Structure formats: structure tokens, C-alpha cells
Amino acid sequence: MKVFVSSTVYDLVDARAEVEALLTEMHLTPVLSDSSSAYFQITPDRNSVECCLVNLRQCDAVILMLSQRYGPALPFWEDPTLSATHAEYREARKCGKPIYVYVRDRLEGEFAIYKRNQDASLEWRWSGKDGRSLFGLLKEHCTPITEENHSNWFSIFRDSVELKQLVRRDFHAVASRSHLESLLEDNRIPLVGVAVSVRDGTSPQSAVWPVDVVFRNNGTMPALRLSYTLGGGVTLEAEEVPILAPNETHTRTIELRNTINGIVQWQVLATYYTAQGHRVQDRYSAGLMHMPLRLPFCHATLQNKTYFPSDGSIIPYDIASADSPTDANNK
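Listed below in C-alpha cells is the structure:
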């Protein structure tokens, strides 16, 4: 997920750098015009403001930070009274981007005074000559909602420490989901498959068939805290596997009665975690079908795979389609 960071630079240069580092730590992609990273794309045939707007349009969300400065007006712009930051805000509104607004407490205090004394000639000790322009931007943001999906809320910060706490709070859920999706795209996630087979050497005429339920990690990363339950009348004592390394297997055996011309069906629910704390839950349909004078036909079919990002406030979402076949061990 790409996040565009909009603000004046000179009064917030340290805060911008710290927010950039925080977003990177949260596995998001920060886009800042003053950063040396490759995420901000410079277009040679456009001026600096238009280049910023091009980058903003390619982002998924926008952070707007306001403190002491409004920025110089753009005489060549559609509205020559706007600063670059204000133009970026309006472009984000126009494009329907989620906008997270963070306002310095000193500016918010002066804004509160301004709202009660708009016609008074007051000296703004914090925002100075930029005060009324900053208040105009804040007033524009705080007007009653006229657009779908636009929030007129803003958060107040005292310093960069508090600012980062607010950004982490606001982006924690989406960062968790974005991180999980990036792991899936890069195939850096455990993938536990289930296979079912009758134990080698078992006679077709045996009264009881020992059936192995095999869990194999087919992924490239270890599966942590693997646990599983069986349903459909088949019981198995609970057990948790602390780590299942890539290509490693874990086998449990259940004993099923030899039912002539019968079919036995049950469910397997396997749960495990990634190293980053994301939870994976796989639901399998398993069973066996008796074959006369032969060992039964066994199958295990993935019915549903659900990923739960590490942030519990997010609703889990499905990745695999229903009835997706997986490894089955047939005899």
C-alpha cells in the first residue's frame, strides 16, 4: 500500500523523516517529494507541483500534516492563492483518496480562537502570517461532509513522538492486511497441506484400519503453532506443533472400522501462524471409501482457506476458492 505524505517541508522535515521510517517499518510504501527513495517518481516534463500530484494519484491513501507554515502561493496555478500542500489536499479530495489529517496542537489552539473571532484582527504567535491560510485549509476540511467516503476529522499531535503514535494507530489495521498480502504475493508464507492414507501393510480384511493424517508444510516459511481438530464423528486428542518447517511433515493416526461398501467422511480444521503473527485457517473435507478386496480410496480436499491479519480488528477474508483440490494420498 502506497501512502503519500503531504506537508510543508522546512518546519516538518524531521517529522516527515520519522513518519517515512515508521511507514516503512509497518511494511507500507511512503511517498515523499523530499525523500531519496525510489518511490517518488520524478517526471522530467512536469513542474514540481504537478509531479507531486501525479505521485499522489498513484497512492492508496494520503497523510496531511499541518503545523506552522502554509507554504508559498502558486501564481501559475488554477487558484493562485493556493500552496502546494493545499493543492495536494484538494487533489486527494477530487480523487476520493482516504485522507488522514494531523494538526499540531498549537495550530489547533489558534484555529479554535479564529473560529470564535473570525473578524478580529489578531496576531497569531504560532502560525504568524500563514495563520489565516492554514485556518482556511482546516475550515475547508472540517466543513460538513458533502462527498461520499470523505472524513472531516483530524487528529492533534504535540510532537513527532505523538504524531507517530497516531499514525501507527490509524494505519495499523491496513498495514497488517497489506503486509499479509505482500507475503502472499512473494510466496513468503507457510502452506500446510493435508493428506490421508491407510497405513502401509494393512490388510483389506482388517477389522480396523489405521489411517494416517499427514500435515506437510509445502510453503517456503515455517508454520508456527500448528493445531488441528477433526469433526464428523472422528476424534483425535488435541496437540499443538510448535514449528513445522518447510517440507517437514507431522503425522497423526486414527483408527477407523472396516465398513464393507461404506463411506466415512470427516472434516479437518488446521490453524497455524506466520512468523509475523498472521493466522491461517484451512478447512478440509477428508474421508475414505471402501473398495472390495482392496484398501479404501482416501482423499483430502481443501474447502476453504482463510487468512486473518495479525490485527484482530480486521474481518478475515478468503483467498482460496471453494472446493480447491490439494494433495491427496490415494491407495
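Okay, so the sequence shown: first residue is 666 according to my numbering, each after it adds one. Where is the CB? At the ideal position from N, CA and C, for every residue including glycine. Keep in mind that this is a model prediction, so the values were computed, not measured.
Cβ distance (whole Å) where A951 is taken to contact V933 below 8 Å: Taking the first residue of the sequence shown as position 1, residue 951 is located at position 286. Taking the first residue of the sequence shown as position 1, residue 933 is located at position 268. Rounded, the Cβ-Cβ distance is 5 Å, consistent with contact.
Span separating the alpha-carbon of I728 from that of V859: Here residue 728 refers to the residue found at position 63 when the sequence shown is read from its first residue. Here residue 859 refers to the residue found at position 194 when the sequence shown is read from its first residue. Roughly 44 Å between the two C-alpha positions.
Tell me, to the nearest whole angstrom, how far the beta carbon of P887 is from that of A940; I am working on the premise that it is less than 8 Å. Numbered from its first residue, the sequence shown carries residue 887 at position 222. Numbered from its first residue, the sequence shown carries residue 940 at position 275. With a Cβ gap of about 7 Å, P887 and A940 count as contacting.
H815 (DSSP reduced to helix, strand or coil): Locating residue 815 in the sequence shown gives position 150, where the first residue counts as 1. Under the three-state reduction of DSSP output, H815 falls in the coil class, being neither helix nor strand.
K970: first and last residue of the uninterrupted beta strand (DSSP E) it sits in: Stepping through the sequence shown from its first residue, residue 970 is reached at position 305. Here the beta strand (DSSP E) through K970 covers 959-973.
Mind checking whether R864 and V878 have CB atoms under 9 Å apart? In the sequence shown, the residue the question calls residue 864 occupies position 199. In the sequence shown, the residue the question calls residue 878 occupies position 213. The Cβ atoms of R864 and V878 do not sit closer than 9 Å to each other.
Buried or exposed: which applies to K794, given that a residue is buried once 16 or more other Cβ atoms fall within 10 Å of its Cβ? Sequence index remark: in the sequence shown, residue 794 carries index 129 (1-based). Counting Cβ neighbours within 10 Å, K794 comes out exposed, since fewer than 16 surround it.
Quick check on the DSSP output: the beta strand (DSSP E) that includes S950 runs from which residue to which? Looking up residue 950 in the sequence shown gives position 285. Taken as a continuous stretch (DSSP letters only), the beta strand (DSSP E) holding S950 covers 944-956.
Would you mind working out which of A903, Y735, G942 sits nearest R842, comparing C-alpha positions? The residue you call residue 842 lines up with position 177 of the sequence shown. Measuring from the Cα of R842, the nearest candidate turns out to be G942.
Give the straight-line distance between the Cα atoms of T966 and N817, rounded to the nearest whole angstrom. Position 301 of the sequence shown, counted from the start, is the residue given in the question as residue 966. Position 152 of the sequence shown, counted from the start, is the residue given in the question as residue 817. Between T966 and N817, the C-alpha separation is close to 48 Å.
May I have the straight-line CA-CA distance separating G898 from I919, to the nearest angstrom? By one-based count along the sequence shown, residue 898 stands at place 233. By one-based count along the sequence shown, residue 919 stands at place 254. For G898 and I919, the distance between alpha carbons rounds to 12 Å.
Rounded separation between R922 and M956 - CA only: Position 257 of the sequence shown, counted from the first residue, corresponds to residue 922. Position 291 of the sequence shown, counted from the first residue, corresponds to residue 956. Approximately 14 Å, taken between the alpha carbons.
Hey, F836 and L803: beta-carbon distance below 9 Å or not? Sequence index remark: in the sequence shown, residue 836 carries index 171 (1-based). Sequence index remark: in the sequence shown, residue 803 carries index 138 (1-based). Their beta carbons are not under 9 Å apart, which means F836 does not touch L803 by this criterion.
Could you tell me the alpha carbon to alpha carbon distance between F880 and V857, rounded to whole angstroms? Your numbering for residue 880 matches position 215 in the sequence shown. Your numbering for residue 857 matches position 192 in the sequence shown. Taking the straight line joining both Cα atoms gives about 6 Å.
Between F705 and L718, which are expected to be in contact by the criterion C-beta below 8 Å, what is the C-beta distance as a whole number of angstroms? Taking the sequence shown and counting its residues from 1, one reaches residue 705 at position 40. Taking the sequence shown and counting its residues from 1, one reaches residue 718 at position 53. With 8 Å as the limit, F705 and L718 do not qualify as a contact, their Cβ atoms being about 12 Å apart.
Based on Cα-Cα distance, which residue from E683, S671, L687 lies nearest to A840? Taking the first residue of the sequence shown as 1, we reach residue 840 at position 175. Taking only the C-alpha atoms, the option nearest A840 is L687.
Out of E773, V670, H964, M691, which has the shortest C-alpha to C-alpha gap to G801? Here residue 801 corresponds to residue number 136 of the sequence shown, with the count starting at 1. G801 has its Cα closest to that of E773, out of E773, V670, H964, M691.
By how many angstroms is the C-alpha of R944 removed from the C-alpha of K970? For this step, residue 970 is matched to residue 305 along the sequence shown. For this step, residue 944 is matched to residue 279 along the sequence shown. Computed Cα separation, rounded: 11 Å.
DSSP three-state label for D824, please. Indexing the sequence shown from 1 puts residue 824 at position 159. D824: coil per DSSP, three-state reduction.
Are the CB atoms of A682 and L828 within a distance shorter than 9 Å? The residue labelled residue 828 in the question sits at position 163 within the sequence shown. The residue labelled residue 682 in the question sits at position 17 within the sequence shown. Not a contact, by the Cβ cut-off of 9 Å.
In chain order, what residues of the same chain have a beta carbon less than 8 Å from the beta carbon of Q870, not counting five sequence neighbours either side? If you number the sequence shown from 1, residue 870 lands on position 205. Counting only Cβ-Cβ distances below 8 Å, and skipping sequence neighbours, we find N923.
Among the candidates C963, H751, Y938, whose CA atom is the shortest distance from the CA of Y972? Within the sequence shown, the letter at position 307 stands for residue 972. Comparing Cα-Cα distances from Y972 to each of C963, H751, Y938, the minimum goes to Y938.
Determine the burial state of D947: buried for a count of at least 16 other Cβ atoms within 10 Å of its Cβ, exposed for fewer. Counting from 1 along the sequence shown, the entry for residue 947 is found at position 282. Classification for D947: buried.
Are V678 and P695 closer than 9 Å when you measure CB to CB? The count along the sequence shown starts at 1 and reaches residue 678 at position 13. The count along the sequence shown starts at 1 and reaches residue 695 at position 30. No; because the gap between Cβ atoms is not below 9 Å, this pair is not in contact.
At 3 residues or longer, and completely inside the region 873-929: list those beta strand (DSSP E) runs for me, N to C. 873-882, 888-896, 905-909, 914-922
Just checking my contact of Y735 with S798 at CB under 8 Å: how many whole Å lie between their CB atoms? Taking the first residue of the sequence shown as position 1, residue 735 is located at position 70. Taking the first residue of the sequence shown as position 1, residue 798 is located at position 133. Their Cβ separation, rounded to whole angstroms, is 4 Å, which keeps Y735 and S798 in contact under 8 Å.
Coarse secondary structure for D988, derived from DSSP in three states: What you label residue 988 is simply residue 323 of the sequence shown in a count that begins at 1. A caution first: D988 carries a pLDDT of 43, below 50, which makes its placement in the model too unreliable to give a value.
State the start and end residues of the unbroken beta strand (DSSP E) segment that holds R769. Numbered from its first residue, the sequence shown carries residue 769 at position 104. Taken as a continuous stretch (DSSP letters only), the beta strand (DSSP E) holding R769 covers 764-769.
Checking 9 Å against the spacing of the C-beta atoms, do V668 and A726 come in under that value? Translated into positions along the sequence shown, residue 668 becomes position 3. Translated into positions along the sequence shown, residue 726 becomes position 61. Yes, the Cβ-Cβ distance between V668 and A726 is below 9 Å.
Where does the unbroken alpha helix (DSSP H) through K667 begin, and where does it stop? Here residue 667 refers to the residue found at position 2 when the sequence shown is read from its first residue. Unbroken run through K667 is the beta strand (DSSP E), 667-671; no alpha helix (DSSP H).
In this structure, how does DSSP classify L721 when only helix, strand and coil are distinguished? Counting from one through the sequence shown, the residue named residue 721 turns up at place 56. L721: helix per DSSP, three-state reduction.
Less than 9 Å separating the beta-carbons of R755 and L747? Counting from one through the sequence shown, the residue named residue 755 turns up at place 90. Counting from one through the sequence shown, the residue named residue 747 turns up at place 82. Yes, Cβ-Cβ distance for R755 and L747 is below 9 Å.
Which first and last residues belong to the alpha helix (DSSP H) in which G801 is found? Within the sequence shown, residue 801 is the residue found at index 136, counting from 1. First-last of the alpha helix (DSSP H) with G801: 796-807.
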